[in-house]
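Asker: Got a structure for you, questions after.
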Amino acid sequence: MADYLVIVESPAKAKTIERYLGKKYKVKASMGHVRDLPKSQMGVNVDHEFEPKYITIRGKGPVLKELKTAAKKAKKIFLAADPDREGEAIAWHLAHSLDIDITSDCRVVFNEITKDAIKESFKHPRPINLDVVDAQQARRILDRLVGYNISPLLWKKVKKGLSAGRVQSVAVRLVIEREQEINAFEPEEYWSIKSSFLTGKSKEFEASFYGVDGKKTELKSEADVNEILGRLEGNSFEIKSVTKKERKRNPALPFITSSLQQEAARKLNFRAKKTMMMAQQLYEGIELGKEGTVGLITYMRTDSTRISETAKKEAVEYIEKTYGKQFVSNEERKETKKSNAQDAHEAIRPTSTTKDPQSIKEYLSRDQFRLYKLIWERFVASQMAPAILDTVSVDLTQNDVQFRATGSTVKFAGFMKVYVEGNDDQQEEKENLLPPLEKGDTVFSKDIDQKQHFTQPPPRYTEARLVRALEELGIGRPSTYAPTLDTIQKRGYVALDNKRFVPTELGQIVIQLILEFFPEIINVEFTADLETNLDNVEDGKVNWVNIIDGFYHEFAKRLEKAEAEMQEIEIKDEPAGEDCELCGHEMVFKMGRYGKFMACSNFPDCRNTKPIVKDIGVPCPKCEKGNIVERKSKKKRIFYGCDQYPTCEFLSWDKPIARKCPKCESLLVEKKLKKGVQVQCVECDYKEEPQG
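First residue of the sequence shown: 5, per the numbering used here; consecutive thereafter.
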């Protein structure tokens with residue numbers, strides 16, 4: 005019989021840790037929380053210092069019974085839940101359920117599941133940190149007071165099944181306000197002039213109009229363009245100046261939770277929920293053949309970019325051995341800690357740099373490999389030398405009309421040899437080599453091109469952009485981003501259109517009501533201040549009851565007012581414009597868990613439902629009777645098929661277009677590339693220039 009019992013959350017983690025600790029230790033899993041507030045009632049006594057009423061979670065009885073049996077046989081029990089607030093709370097609940105003295109050295113924490121880290125952590129057990137538990141408990145109670153008071157009100161006044169929460173309400177508000185900005189946006193006209201230039205040796209390069217008389221000039225209309233072109237005489241330009249500079253570019257810092265979610269969305273097309281699920285698997289351990297189960301990354305819920313000295317040393321040794329000493333960073337980068345960062349543990353990094361992605365690829369699923377590769381490359385690059393870029397700026401003039409050409413070449417790749425951070429707003433930096441040019445040289449313009457443009461409205465939020473916005477505003481914490489984005493979609497408050505959030509009518513109604521009756525819930529500054537207060541509870545600076553009391557006093561008044569004054573709102577189903585083929589009643593649009601769908605208005609007598617299809621205006625090339633419509637697969641991937649299905653089984657993952665191939669008269673489709681789309685023929689080799 006084992007002398008020691010160790011309790012973690014998941015079976016995968018238990019299996020890995022038990023192998024490291026040896027025969028004297030038995031490791032069991034609690035499967036997450038064993039106690040929580042009841043679902044059927046508030047579970048918080050607002051008249052007695054907000055005392056919570058905890059009960060054993062339904063279905064956890066057998067797990068708890070097994071843990072109690074094992075606990076009676078053990079000499080000592082260690083609680084090794086995750087190293088964050090939630091993990092500390094799980095340990096505290098387990099201690100209460102198993103009669104463990106919370107002041108004893110029963111708590112063990114580790115940032116990575118490796119043999120050395122596990123063994124070291126068991127040399128330094130500590131008591132449960134009640135300040136951290138109180139911070140988690142305060143958040144849980146705050147969210148319960150908001151959710152279990154406002155949600156029933158919304159059920160009564162608007163629609164059953166709605167919910168309201170502090171972080172999710174702010175997220176929806178951000179989406180709505182962005183949509184309002186887009187709708188109110190008035191585009192402004194502007195123009196550009198570009199030209200190809202030839203040197204005396206017939207080498208070609210491109211330059212753009214910069215200004216007049218040495219001053220940068222905006223082209224706001226076609227008249228402005230014509231005025232500039234009217235000043236040009238002939239096609240010869242003089243090189244007025246050549247400016248050469250050396251520019252240093254530093255690598256991105258290692259991942260924190262939010263930056264991992266953003267980069268996985270940009271580069272891997274992962275949703276936040278999927279990123280965290282894959283990261284959890286990599287953290288808890290992957291079976292690596294004879295080596296057994298190994299935790300591949302450090303804990304993935306963190307807001308710190310700190311790295312241990314041991315990890316730095318191992319990375320430096322790997323970089324020097326693999327790429328050469330010149331690729332090792334010689335600079336100590338001191339990063340300013342964000343005011344709202346908890347800085348509880350390290351950044352997300354591989355547990356061992358020597359386990360490069362290719363060496364363990366055979367043991368990982370495709371998605372596990374792609375995420376591990378991203379984390380590994382980001383970390384290794386963060387410890388590498390800056391890249392050195394040679395930049396050149398050339399000014400060309402004629403009659404005081406100035407064009408400018410810029411170019412850059414990578415003089416020393418540095419970290420860019422391994423990884424370059426993605427960007428939501430701009431394309432990745434590309435090399436642009438200009439021919440040798442000297443001041444006083446004469447060059448000749450050809451093919452002057454003038455284009456009209458219009459300013460664009462701010463973009464809708466992608467998951468990555470929304471995570472970044474919440475983080476910058478101090479709303480929520482690393483563990484809250486993925487579930488928040490999941491919740492606002494499941495509730496039907498927002499929908500995804502081309503991977504961008506669009507507010508629904510329901511979302512706008514709910515937020516308007518919350519804004520009217522509970523403005524503090526949706527106030528960005530108020531919500532961010534609450535997060536700061538929770539941090540102060542964790543640091544032992546503030547009593548958690550005082551935080552909740554300060555919030556609830558005003559909230560209770562608003563709740564009473566809302567009960568009396570909030571009007572009932574009927575959300576009518578939107579007609580779909582067609583009749584039910586089963587009973588003849590009108591079909592209407594409904595909002596479900598996975599977005600909009602069509603349903604019969606005669607529900608529940610008729611339960612006919614249909615997916616929404618979008619006609620793209622292209623006749624079916626196969627049957628020539630139907631039209632091509634846009635559909636979604638079970639995994640929500642867009643594809644295109646004939647509206648006469650199942651009679652006609654035409655299907656394409658690429659979007660067909662109305663034109664036919666000029667070479668063979670076959671179907672043309674838009675093929676998605678990494679940057680933009682390319683029109684291609686499905687039969688022959690015809691291709692057009694990529695766009696966008």
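Note that CB positions come from ideal geometry on N, CA and C, so glycine has one too.
(1) Kindly indicate which three-state DSSP category GLU634 falls into: helix, strand or coil?
(2) In chain order, what are the residue ranges of uninterrupted beta strand (DSSP E) at least 3 long that sit wholly in the stretch 324-407?
(3) Residue ranges of each beta strand (DSSP E) run of no fewer than 3 residues wholly in the stretch 502-565, ordered along the chain?
(4) Nearest by alpha-carbon distance to PRO461: which of LEU134, ALA74, GLU190 is it?
(5) Can you look up PRO625 in the DSSP assignment and give me helix, strand or coil?
(6) One question on the structure: do THR279 and LEU264 come within less than 8 Å of each other, judged by their Cβ atoms?
(7) Given ALA532, which residues of its chain have a CB within under 8 Å of its CB, disregarding the five upstream and five downstream residues?
(8) Going straight from the alpha carbon of LYS277 to that of PRO487, what length do you get?
(9) Identify whether LYS207 lies in helix, strand or coil by the three-state DSSP scheme.
(10) Can you tell me the Cα-Cα spacing of ASP86 and ARG353, whole angstroms?
(11) For ALA84, I'd like the list of residues in its chain whose CB is within less than 6 Å of its CB, leaving aside the five on either flank, ordered along the chain.
(12) For PHE505, which residues of its own chain have a beta-carbon under 7 Å away from its beta-carbon, when the five flanking residues on both sides are left out?
(13) Thinking just about the alpha-carbon of each residue, which of LYS421, ILE518, THR401 is nearest to the one in SER212?
(14) Quick check: what's the CA-CA separation for ASP658 versus GLY496?
(15) Going by beta carbon distance, what residues of the same chain come within less than 6 Å of TYR24, once the five residues before and after it are set aside?
(16) Could you tell me which uninterrupted beta strand (DSSP E) segments, each at least 3 residues in length, are contained entirely in the stretch 202-275, listed from first to last along the chain?
(17) Count the CB pairs spanning the stretch 285-301 and the stretch 97-110 that are closer than 8 Å, and state whether there are at least three.
(18) Within 10 Å of its beta-carbon, does GLN141 have 16 or more other beta-carbons around it, so buried, or fewer, so exposed?
(19) Does DSSP put LEU671 in a helix, in a strand, or in coil?
(20) Please name the residue in LYS359, CYS627, GLU321, ALA409 whose C-alpha comes closest to that of GLY299.
(21) Taking only three categories from DSSP, how would you classify ARG111?
(22) Quickly, what does DSSP pair HIS457 with across the bridge? List them, please.
(23) Mapping DSSP to helix, strand and coil, what is GLN140?
(24) Can you give me the C-alpha to C-alpha distance between THR261 and GLU350, rounded to a whole angstrom?
(25) Return helix, strand or coil for SER14, following the three-state DSSP convention.
(26) Between which two residues does the beta strand (DSSP E) containing GLY645 stretch?
(27) When the cut-off is 8 Å and only beta carbons count, does TRP96 lie next to chain D?
(28) If I measure Cβ to Cβ from THR512 and keep anything under 8 Å in the same chain, skipping five residues before and after, which residues do I get?
(29) In angstroms with no decimal places, state the Cα-to-Cα distance between MET570 and ALA268.
(30) DSSP three-state label for GLY65, please.
(31) Quick one: what's ASN133 bridged to in DSSP?
(32) Hey, how far is the Cα of GLN648 from the Cα of PHE654?
(33) In chain order, what residues of the same chain have a beta carbon less than 7 Å from the beta carbon of ASN2, not counting five sequence neighbours either side?
(34) What number of angstroms, rounded off, separates the C-alpha of ASP553 from the C-alpha of ASP51?
(35) Quick check: LEU672 and CYS652, are their CB atoms within less than 8 Å of each other?
(36) If you measure between the beta carbons of LEU102 and LYS80, is that distance less than 8 Å?
Answerer: Quick look at the numbers:
(1) Taking the sequence shown and counting its residues from 1, one reaches residue 634 at position 630. Strand.
(2) 391-402
(3) 504-507
(4) Taking the first residue of the sequence shown as 1, we reach residue 461 at position 457. Minimum Cα distance to PRO461 is reached at GLU190.
(5) Within the sequence shown, the letter at position 621 stands for residue 625. Looking at PRO625 - three-state DSSP - the assignment turns out to be coil, as it is neither helix nor strand.
(6) Within the sequence shown, the letter at position 275 stands for residue 279. Within the sequence shown, the letter at position 260 stands for residue 264. Yes, they are a contact pair.
(7) The residue labelled residue 532 in the question sits at position 528 within the sequence shown. The answer, listed in chain order, is ASN344, LEU477, GLY478, ILE479.
(8) Counted from its first residue, the sequence shown places residue 277 at position 273. Counted from its first residue, the sequence shown places residue 487 at position 483. If you take the alpha carbons of LYS277 and PRO487, they lie about 7 Å apart.
(9) Translated into positions along the sequence shown, residue 207 becomes position 203. Looking at LYS207 - three-state DSSP - the assignment turns out to be coil, as it is neither helix nor strand.
(10) Here residue 86 corresponds to residue number 82 of the sequence shown, with the count starting at 1. Here residue 353 corresponds to residue number 349 of the sequence shown, with the count starting at 1. Roughly 16 Å separates the two Cα atoms.
(11) As a working note, residue 84 is residue 80 in the sequence shown. Contacts found: VAL10, VAL12, VAL112.
(12) The residue you call residue 505 lines up with position 501 of the sequence shown. Result list for PHE505: VAL179, ARG464, TYR465, LEU470, VAL498, in chain order.
(13) In the sequence shown, the residue the question calls residue 212 occupies position 208. Cα-wise, what sits closest to SER212 is THR401.
(14) Against the sequence shown, residue 658 aligns to sequence position 654. Against the sequence shown, residue 496 aligns to sequence position 492. Cα to Cα, the separation comes out at about 28 Å.
(15) As a position in the sequence shown, residue 24 is number 20, starting the count at 1. So the qualifying residues of the chain are LYS119, ILE122.
(16) 208-216, 240-253
(17) no
(18) Within the sequence shown, numbered from 1, the residue matching residue 141 stands at position 137. By the neighbour-count rule (16 or more Cβ atoms within 10 Å), GLN141 is buried.
(19) The residue you call residue 671 lines up with position 667 of the sequence shown. In this structure, LEU671 counts as strand in the three-state DSSP scheme.
(20) The sequence position of residue 299 within the sequence shown is 295, counting from 1. That would be LYS359, whose Cα lies nearest to the Cα of GLY299.
(21) Sequence index remark: in the sequence shown, residue 111 carries index 107 (1-based). Here ARG111 sits in strand by DSSP.
(22) Here residue 457 refers to the residue found at position 453 when the sequence shown is read from its first residue. Paired residues: TYR194.
(23) The residue given as residue 140 occupies position 136 in the sequence shown. The answer is helix: DSSP assigns GLN140 an H, G or I state.
(24) Within the sequence shown, residue 261 is the residue found at index 257, counting from 1. Within the sequence shown, residue 350 is the residue found at index 346, counting from 1. Their Cα atoms are separated by approximately 11 Å.
(25) Counted from its first residue, the sequence shown places residue 14 at position 10. Coil, per DSSP.
(26) Looking up residue 645 in the sequence shown gives position 641. Residues 642-646.
(27) This model lacks chain D altogether, as it is built from one protein chain only.
(28) Here the question's residue 512 lines up with position 508 in the sequence shown. First, the amino acid is wrong: residue 512 is Gln here, not Thr. If we look at GLN512 and ignore the five residues flanking it on each side, its Cβ neighbours are ILE180.
(29) As a first step, residue 570 is located in the sequence shown; it is residue number 566 there, counting from the start. As a first step, residue 268 is located in the sequence shown; it is residue number 264 there, counting from the start. Near 42 Å, if we compare the C-alpha coordinates of ALA268 and MET570.
(30) If you number the sequence shown from 1, residue 65 lands on position 61. Residue state, collapsed to three classes: helix.
(31) The residue labelled residue 133 in the question sits at position 129 within the sequence shown. Its beta-bridge partners do not exist; DSSP assigns none.
(32) Translated into positions along the sequence shown, residue 648 becomes position 644. Translated into positions along the sequence shown, residue 654 becomes position 650. Going by the C-alpha atoms only, they are around 9 Å apart.
(33) Only positions 5 to 696 of the chain appear in the structure, and residue 2 is not among them; the question remains open.
(34) The count along the sequence shown starts at 1 and reaches residue 553 at position 549. The count along the sequence shown starts at 1 and reaches residue 51 at position 47. Distance between the alpha carbons of ASP553 and ASP51 is about 10 Å.
(35) Translated into the one-based positions of the sequence shown, residue 672 becomes position 668. Translated into the one-based positions of the sequence shown, residue 652 becomes position 648. No. Outside cutoff.
(36) Translated into positions along the sequence shown, residue 102 becomes position 98. Translated into positions along the sequence shown, residue 80 becomes position 76. For LEU102 and LYS80, no; Cβs fall outside 8 Å.
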